[in-house]
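For the record, in the sequence shown the residue sitting at position 112 is 112 according to UniProt numbering, with numbers rising by one throughout.
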Amino acid sequence: MSPTDPLHPPATSGPLLAATALQKSFGDNQVLKSIDLNIDSGQVVALVGPSGSGKTTVLRCLNGLETPDGGTVAFRGGPSVDFGAKVTKKEALSLRDRSAMVFQNYNLFPHRTVLENIIEGPVQVQKRPRKESVADAERLLARVGLAEKRDDYPFNLSGGQQQRVGIVRALALQPDLLLFDEPTSALDPELVGEVLTVIKELAEEKWTMVIVTHELAFAREVADQVVFMDGGVVVERGHPDQVLRNPREERTRRFVQRLL
Ligand code: ADP
Numbered sequence: 001m002s003p004t005d006p007l008h009p010p011a012t013s014g015p016l017l018a019a020t021a022l023q024k025s026f027g028d029n030q031v032l033k034s035i036d037l038n039i040d041s042g043q044v045v046a047l048v049g050p051s052g053s054g055k056t057t058v059l060r061c062l063n064g065l066e067t068p069d070g071g072t073v074a075f076r077g078g079p080s081v082d083f084g085a086k087v088t089k090k091e092a093l094s095l096r097d098r099s100a101m102v103f104q105n106y107n108l109f110p111h112r113t114v115l116e117n118i119i120e121g122p123v124q125v126q127k128r129p130r131k132e133s134v135a136d137a138e139r140l141l142a143r144v145g146l147a148e149k150r151d152d153y154p155f156n157l158s159g160g161q162q163q164r165v166g167i168v169r170a171l172a173l174q175p176d177l178l179l180f181d182e183p184t185s186a187l188d189p190e191l192v193g194e195v196l197t198v199i200k201e202l203a204e205e206k207w208t209m210v211i212v213t214h215e216l217a218f219a220r221e222v223a224d225q226v227v228f229m230d231g232g233v234v235v236e237r238g239h240p241d242q243v244l245r246n247p248r249e250e251r252t253r254r255f256v257q258r259l260l
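And the structure:
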């Protein structure tokens, strides 16, 4: 399933991910009520909505950082994992490998160099040869303009550079799906552009991505599908021009009026 070249997305087309009726509660707080998400290979999905509507939780459920209470998640070529039933360790692991997350606060290990941060997953978790992982990491760093930062520590990098390392770290896992959790919201405004540019380039190369973002102008530019969530449900979804410019639902209209 993995591509052989981390600089390019897997050369596949058609449906990649089907998530149905995802539910998740934290105590009495039902955060996801019943979320459906269908993504084709090469598609960019922007997940938008007010704070607390459950967007991050959706990403974390797809990536195995949270376990849904119910619903199914199926990637092409893998099992349909039914969280309403007992999920085996093998099934849970089969999902984790398919996607990689880019976090709002980068989540780099502060005491490891840029290179060590990037090869940690491929070498320690995926058991790939160290030499090959280093070579891939170097190519990926060069591609985002950070070749010379290889041996630096994260605290010597700007926020924008750290986030570009975060993106490289995700790509190095050779996932089928990239998940971005508000990738620019921790950045000073003048650093947002360099990160959005990298994400745009990935979109042009046809990486499959789900991006949680408040940057609606960016979502309109880059997304094939916009999904608007509020209160743990999908209120509206569709082409960016429709959802963001001409929403059908009053809740969507109020949200986009505030942000655009
Ligand atoms: P969004 O990304 O749309 O801002 P989140 O998915 O982060 O929304 O959060 C949705 C709700 O779930 C919030 O009320 C948040 O406080 C709650 N929540 C998220 N993660 C946890 C957790 N690990 N424990 C308890 N509550 C959580």
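Backbone N, C-alpha and C define an ideal beta-carbon position, used for all residues, glycine too.
All of these numbers come straight from a predicted model, not from anything done at the bench.
Taking R251 as the centre and dropping the five residues before and after it, the same chain places the C-beta of D230 and V235 closer than 6 Å to its C-beta, in chain order. Counting other Cβ atoms within 10 Å of its Cβ, G84 stays below 16 and is therefore classed as exposed.
S41 carries a coil assignment under DSSP once its states are collapsed to helix, strand and coil.
Along the stretch 49 to 92, the beta strand (DSSP E) occurs as fully enclosed runs of 3 or more residues at 70 to 75 and 80 to 82, listed in sequence order.
A check of alpha carbon separations from L32 across N38, K24 and I39 identifies K24 as the nearest.
The three-state secondary structure of K127, taken from DSSP, is coil. Residue nearest to P9 within the set L171, V165 and R60 is L171 (criterion: CA-CA distance). The C-alpha of L173 is placed about 23 Å away from the C-alpha of F155.
Membership of K200 in any beta strand (DSSP E) is not indicated; the residue belongs instead to the alpha helix (DSSP H) covering P189 to E204. If you draw a straight line from the Cα of W207 to the Cα of K86, it comes to about 32 Å.
For V256, the CB contacts under 7 Å within the same chain, skipping 5 residues up- and downstream, are L216, L244 and P247 in chain order. One Cα belongs to R164, the other to P240, and the distance between them is close to 25 Å.
One thing to note: L95 has its Cβ within 7 Å of the Cβ of G64.
Distances between the C-beta of G64 and the heavy atoms of the ligand ADP are all 6 Å or more.
Minimum Cα-Cα distance from D152 among the listed residues L59, M101, P110 and A18 corresponds to P110.
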